Amino acid sequence: MWRQLSCLLLMVGILLCATQHTFSQDLQDTLFFGVALDGDRITEQRLSLVRDATGLMPSLVVVFQQWPGPETPDAGRFPFTSVQSIAQADALACVTWEPMFVSGGAEQAVAADAILGGDYDKYLRTWARAARDSGQPVLVRFAHEMNLARYHWGSDAQGYGPETPARYRAMFRYVVERFREEGADNVLFVFCPNAESVPHPLWDGAIWNTASAYYPGDDVVDLLGFDGYNWGTTQTLAEHGRRDNLTFRFSGVKIRSARAISRFADD
0 MWRQLSCLLL MVGILLCATQ HTFSQDLQDT LFFGVALDGD RITEQRLSLV
50 RDATGLMPSL VVVFQQWPGP ETPDAGRFPF TSVQSIAQAD ALACVTWEPM
100 FVSGGAEQAV AADAILGGDY DKYLRTWARA ARDSGQPVLV RFAHEMNLAR
150 YHWGSDAQGY GPETPARYRA MFRYVVERFR EEGADNVLFV FCPNAESVPH
200 PLWDGAIWNT ASAYYPGDDV VDLLGFDGYN WGTTQTLAEH GRRDNLTFRF
250 SGVKIRSARA ISRFADD
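In numbering that gives the first Met the number 0, the protein residues as written are 0 to 266.
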């Protein structure tokens with residue numbers, strides 16, 4: 000049934016410590032049950048299907064949106080219909096905002112130079128204003144799981160390496176700055192690495208690829224989350240236990256942002 004619904008159960012515990020956003024106190028010390036849903040448009044009917052399948056109405060709904068390609072960098076739009084449907088169901092929307100596009104049947108990451116060079120400024124500002132004008136609190140999970148080679152945000156796969164963390168930090172900060180310039184104070188930005196880095200700093204010798212290396216700073220991160228999976232029977236017992244502890248992932252980094260568990264799945 001889960002495959003039919005295309006949803007992944009979430010348990011999200013959010014502890015907000017300090018944030019500049021006006022609606023943050025409403026979320027303080029709140030436990031959220033949520034789902035992650037695919038598709039371009041989330042409707043109240045689809046959320047009702049989730050409720051019927053689980054016996055619970057989700058308080059948090061994660062959706063996914065890719066960016067437009069470089070030929071039409073300002074073509075994308077804020078997912079207004081989905082956000083409004085989620086709000087009408089008394090849930091909080093979290094948009095996983097993926098700076099990549101599909102070309103020739105393959106996913107390609109938007110180049111960091113294109114973002115930092117202003118090619119996507121119209122898109123960013125239009126999206127930010129629409130989010131602001133929606134009147135709803137929105138979480139934006141920008142370029143998630145950046146410590147996985149599968150995503151290589153800001154470059155092609157060959158460009159994923161020691162320079163990647165600095166490139167990622169610059170992109171994250173640039174996007175947040177555009178939102179602040181547009182007064183989108185109802186948007187909270189989520190920093191969400193994977194629970195395990197691939198390639199791994201110890202087992203694979205990729206010492207540059209730690210979650211802490213990507214952290215763009217407390218001044219631009221409102222929520223801290225992790226995605227973690229053990230992949231059921233596809234992994235050995237030893238591999239099930241390869242998730243790093245929080246101390247290792249953020250060794251040497253003082254973080255005052257809010258904390259959350261973004262997504263996890265165990266079989």
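For each residue, glycine too, the CB sits at the ideal point set by N, CA and C. Treat the numbers as computed from the prediction; the structure is a model and nothing was measured.
Open item on the list: Quick check: residue 213 and residue 192, are their CB atoms within less than 9 Å of each other?
Closed with: Yes.
Task: Cβ shell of residue 79 (< 7 Å), same chain only, five flanking positions each side left out - done: 129 and 133
TODO: For my contact list, residue 122 and residue 67 are in at a C-beta cut-off of 8 Å; report their separation, rounded to the angstrom.
DONE: Contact between residue 122 and residue 67 holds, with the beta-carbon distance rounding to 6 Å and staying under 8 Å.
Open item on the list: To test your reading of the DSSP string, which unbroken alpha helix (DSSP H) runs of 4 or more residues are found completely within the stretch 70-97?
Closed with: 79-87
Open item on the list: Quick check on residue 214: does DSSP put it in helix, strand or coil?
Closed with: Three-state DSSP puts residue 214 in coil, outside helix and strand.
Task: Cutoff 8 Å; reference residue 161; Cβ partners in own chain excluding five residues on either side - done: 207.
Open item on the list: Pairs of beta-carbons, one from the stretch 146-154 and one from the stretch 107-116, closer than 8 Å: are there three or more?
Closed with: yes
- [ ] Kindly indicate which residue of 95, 103 and 116 has the alpha-carbon position closest to the one of residue 60.
- [x] The option with the nearest alpha carbon to residue 60 is 95.
Open item on the list: Please state whether the Cβ-Cβ distance between residue 90 and residue 63 is less than 9 Å.
Closed with: no
Open item on the list: Classify residue 209: buried if its beta carbon has 16 or more other beta carbons within 10 angstroms, exposed otherwise.
Closed with: Around the Cβ of residue 209, a 10 Å sphere holds 16 or more other Cβ atoms; the residue is buried.
TODO: Let me know if residue 138 comes out buried or exposed under the rule of 16 or more other beta-carbons within 10 Å of its beta-carbon.
DONE: buried
- [ ] Sort 169, 99 and 49 by Cα distance to residue 116 and report the nearest one.
- [x] Considering only alpha carbons, the answer is 169.
TODO: Can you tell me which of the three DSSP states residue 224 falls into?
DONE: coil
Open item on the list: One question on the structure: do residue 142 and residue 198 come within less than 9 Å of each other, judged by their Cβ atoms?
Closed with: no
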